[in-house]
Every structure is written in C-alpha cells, then in structure tokens.
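Residue 96 is where the sequence shown starts when you use the numbering used here, and the numbers rise one by one after that. We put the beta carbon where it would ideally sit given N, CA and C, even for glycine. Quick caveat: nothing in here was measured; it's all calculated off a predicted structure.
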Amino acid sequence: MASRDSLTVGMYSFDCRDAARLAAFWSGVLMRPVDEGATPAYATIGFEGDGPTWMFHQPTGGLAAGDNRLMLDLAGGGGWAEQADRVEALGAERVSDNEQDGVRWVVFRDPEGNTFRIFAPRPR
C-alpha cells in the first residue's frame with residue numbers, strides 16, 4: 096500500500112510518429128480500448144480509468160534518435176508463451192527468447208521499434 100508521500104505510476108508515455116497507430120497496437124497487446132478521439136498526433140488508453148494511462152504523442156520537434164528510454168516488462172502469467180505468440184501475431188517483432196538462472200522472457204519491438212519484454216512467472 097502506498098503512503099501519502101510515495102509516488103505511483105500514473106502514465107506510460109511514448110513519443111511516436113503515429114500516435115493512433117501505435118495506440119491501436121498497444122490496445123491489442125493490453126486488451127484495453129483506445130480512448131475516443133485518437134489522432135496521429137495524440138492518443139491515450141485508459142485516461143479515465145483507475146490504472147495507469149498509456150499516452151502516445153507525436154513530438155513537435157521530431158523523435159529523438161536512439162533507443163527508447165523506458166523498457167516495459169510485462170508479466171505474462173502462466174500463459175506467458177501464448178501471450179508472446181499473440182503479441183507477435185499483432186505485429187510485434189520477436190527479437191529473442193531468453194532464459195537465465197531459471198528466469199524466462201521474450202524480447203520484442205513494437206511497430207515503432209520500442210523494445211519491451213514479456214516474462215514468465217518468477218521461478219520459486
């Protein structure tokens with residue numbers, strides 16, 4: 096439980112070329128609808144909801160060069176391998192399947208090249 100002085104995640108924010116297109120991809124991954132009014136310049140998922148909002152924004156000065164600054168790690172639960180296959184079918188690029196010290200995960204890139212991972216449940 097968070098104390099009144101603690102910070103919590105309120106929003107995940109992506110700079111992108113086409114906000115509506117990238118929001119549609121992540122909508123499929125998360126199985127949450129894109130909010131009404133999505134445009135190539137700005138789109139959100141879950142703005143009015145209780146959980147963190149996902150915001151997609153086309154910066155006026157253009158995209159910064161280099162890798163994305165935030166790595167998303169998604170917990171896939173017991174069906175993590177099926178979730179990984181589902182996300183790949185949505186258009187993610189499967190970069191690698193990994194295992195280290197009993198921890199298993201798959202690395203992906205979304206349609207604009209942002210890297211994210213889907214993890215298996217933590218080993219006991």
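Among the bridge pairs identified by DSSP, R204 is matched with E188 and T210. Between I213 and V190, the beta carbon gap of about 11 angstroms keeps them out of contact (Cβ cut-off 8 angstroms). Only buried fits M150, as 16 or more other CB atoms lie within 10 angstroms of its CB. In the DSSP assignment, S108 forms a beta bridge with M150. Apart from the 5 residues on each side of it in sequence, P218 sits with its Cβ closer than 7 angstroms to the Cβ of G197 and V198 in its chain, given in chain order. Residue pairing by DSSP places R199 opposite E194 in a beta bridge. Cβ neighbours of W200 within its own chain (closer than 7 angstroms, five residues either side excluded): N193, R212, I213, F214 and A215. Scanning its chain for C-beta atoms nearer than 7 angstroms, with the 5 sequence neighbours on each side dropped, one finds around V129 the residues A118, A119, S122, A138 and I140, in chain order. Cβ-Cβ distances below 6 angstroms link V202 to V190, S191 and R212 in the same chain, with the five nearest sequence neighbours on each side left out; the list follows chain order.
The DSSP-derived three-state label of A136 is coil.
When secondary structure is reduced to three states using DSSP, L117 falls in the helix class. With a beta-carbon spacing of about 27 angstroms, T103 and A115 fall beyond the 8 angstroms limit used to define contacts. In the three-state reduction of the DSSP assignment, L125 falls in the helix class.
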